[in-house]
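These notes concern the structure reproduced below.
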Amino acid sequence: MSEALQAVWWVLALLPVAAFSGWLIGRRGAERSGGQRVSRLSSSYFRGLNFLLNEQPDKAIEVFLQIAEVDKDTVETHFALGNLFRRRGEVDRAIRIHQNLIERPHLSEDQRIQAVLELGEDFMRAGLLDRAEGLFADLVKVHGGVAPKALRHLISIYQLERDWPKAIEHARQYEAATGEPMGKLLAQFHCELVEIARTSGDVEQARTHLRAAYDADSHSARAGIISGRMALAEGDDAAAIRAFERVARHDVDYLPEVLQSLLQACARTGERGRLRAFLAEMIERFPGVTPMLALARLIEHDDGVDAARQFLTRQLRRRPSVRGQKALIDLGLDESAETSRDTLRLLGELSEQLVAGEAAYRCGHCGFGARAHHWQCPSCKRWDTIKPVHGAFGE
Ligand SMILES: [Zn+2]
């Protein structure tokens, strides 16, 4: 934190206590004549301050000092202070300020709604999800469509609580109130329910939720992957292959997620030609090495080591990659003399170590790196933002 910003916090810490009241009582008489004008001025300053504070702490200090001199009772002042305390992590103070605001008799309807929203956010920050949920739910009940912000918060809360039916209900309500399409999110929630049903062995229930996921988002990659896995579980390799191919064709980023299962299903059905054609198609569309390595293994099996080596060398010139290099080294291991085999083995181990520590997946929204795929980013909580990392050290 910059020094200037720390100074703002320091000023704030003193404001509501001694400095604010004592100083104010002393100054009030002198300011009375210009009071109204100054009050209007300070209101607008504070609205601006809500936006400014994070970026320009020096200006914030200046404004704060001016306001503190003249104006204690405006609603905006309290909103700004409450907001600041919450951001600063002093949730108790924020809660007190917003509760005081709500109890004021002369608030406008809009101000009251805003105060309840702020208090709800305080509760969320404090981890008091039940109390936040109660506030937001009351807002939605009373104000219906005029409280989309409350609906948004409720959707976040139900996600945290993994209460998917309620998350679905409120996402639908939000979509109806705002017109903002929620299909992708709804499909994720339905897929969570599919997974739960599958874990408990309820195939019928799983199918129902899967249909709902497709209804919400007909292109849902996750629903496609689950369909493929369900088909595999039932021994329907042909249906599984269709589902996995559709997922990869629709969003090629999910190819690494389905390729292993696809290879196994094709091995059982004996459709090597189809598989080779599909992999060749994927190599053109997918920037990573996964389809290239899989096709190299097929070529090695069908046409021999030399053909595989030629193929890999050609591909690696187009897209250098440590994993591809490792595959090429492995191809050379079998037929080399004992001395060069040791060198190759060492090179292979080095390649493995080079990629071992790298994140295989990264969130496109917040940059969170992960070794495994997550549908919801563990860091920023967004859905469908975690994708394979490409490049020499990645996928
Ligand atoms: Zn993220």
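To convert a position in the sequence shown, counted from 1, into our numbering, add 13.
Cβ atoms here follow ideal geometry from the backbone N, Cα and C, with glycine treated the same way.
Indicate whether residue i and residue j have their beta-carbon atoms separated by less than 8 Å.
{"i": "LEU199", "j": "HIS222", "result": "no"}
{"i": "TYR293", "j": "ALA340", "result": "The sequence as given places Ala at residue 293; Tyr does not occur at that position. Not a contact, by the Cβ cut-off of 8 Å."}
{"i": "ALA278", "j": "LEU268", "result": "no"}
{"i": "ALA373", "j": "PRO401", "result": "yes"}
{"i": "SER274", "j": "PHE257", "result": "yes"}
{"i": "GLY241", "j": "VAL271", "result": "yes"}
{"i": "LEU325", "j": "ILE342", "result": "no"}
{"i": "LYS197", "j": "ASP230", "result": "yes"}
{"i": "GLY237", "j": "ARG211", "result": "no"}
{"i": "LEU329", "j": "GLY317", "result": "no"}
Measuring straight from C-alpha to C-alpha, what distance separates residue i and residue j?
{"i": "THR398", "j": "ARG165", "result": "19 Å"}
{"i": "ASP105", "j": "ALA244", "result": "52 Å"}
{"i": "SER169", "j": "HIS203", "result": "15 Å"}
{"i": "ASP315", "j": "ARG285", "result": "9 Å"}
{"i": "LEU148", "j": "ARG125", "result": "12 Å"}
{"i": "ARG395", "j": "ASP123", "result": "29 Å"}
{"i": "CYS390", "j": "GLU351", "result": "47 Å"}
{"i": "GLU313", "j": "LEU344", "result": "9 Å"}
{"i": "LEU367", "j": "VAL335", "result": "8 Å"}
{"i": "ALA307", "j": "ARG255", "result": "18 Å"}
{"i": "ALA43", "j": "PRO118", "result": "Any reading at ALA43 needs caution, since the residue's pLDDT is 41, under 50, leaving its predicted position unreliable; the model's value is listed next. So the alpha carbons of these two residues sit roughly 28 Å apart."}
{"i": "GLU217", "j": "LEU114", "result": "51 Å"}
Which residues in the same chain as residue i place their Cβ atom closer than 8 Å to its Cβ, once the five residues preceding and following it in sequence are excluded?
{"i": "ARG99", "result": "ALA107, GLU131, GLU134, ASP135 and ARG138"}
{"i": "TYR187", "result": "PRO161, LEU164, ARG165, ILE168, GLU193 and MET195"}
{"i": "ARG322", "result": "LEU341, LEU344 and GLY345"}
What I want to know is whether the C-beta of residue i ends up closer than 7 Å to one or more non-hydrogen atoms of ligand 1.
{"i": "SER4", "result": "Here the chain comprises residues numbered 14 to 408, so residue 4 is not present and cannot be evaluated."}
{"i": "THR398", "result": "yes"}
{"i": "HIS386", "result": "no"}
{"i": "PHE92", "result": "no"}
{"i": "ARG395", "result": "yes"}
{"i": "PHE381", "result": "yes"}
{"i": "ARG378", "result": "Strictly speaking, residue 378 in this sequence is His, with Arg absent from that position. True, at least one ligand heavy atom lies under 7 Å from that Cβ."}
Identify, in the order they occur along the chain, each residue of the same chain with its Cβ nearer than 6 Å to the Cβ of residue i, setting aside the five sequence neighbours on each side.
{"i": "SER392", "result": "CYS379 and PHE381"}
{"i": "ARG298", "result": "VAL265"}
Below 7 Å CB to CB, which residues in the same chain sit around residue i once its five sequence neighbours on both sides are set aside?
{"i": "ILE110", "result": "HIS91, LEU94, GLY95 and PHE98"}
Should residue i be listed as close to ligand 3, given that the test is whether its C-beta is under 7 Å from any heavy atom?
{"i": "CYS204", "result": "As presented, the structure is devoid of ligand 3, carrying ligand 1 as its sole ligands."}
Report the residue ranges of all alpha helix (DSSP H) runs contained in full by the stretch 138 to 174; include only those spanning at least 4 residues, in chain order.
Inside the stretch 138 to 174, DSSP marks whole alpha helix (DSSP H) runs of 4 or more residues at positions 142 to 156 and 161 to 173, from first to last along the chain.
Going along the chain, which unbroken runs of the beta strand (DSSP E) with 3 or more residues stay wholly within the stretch 292 to 360?
Runs found: none.
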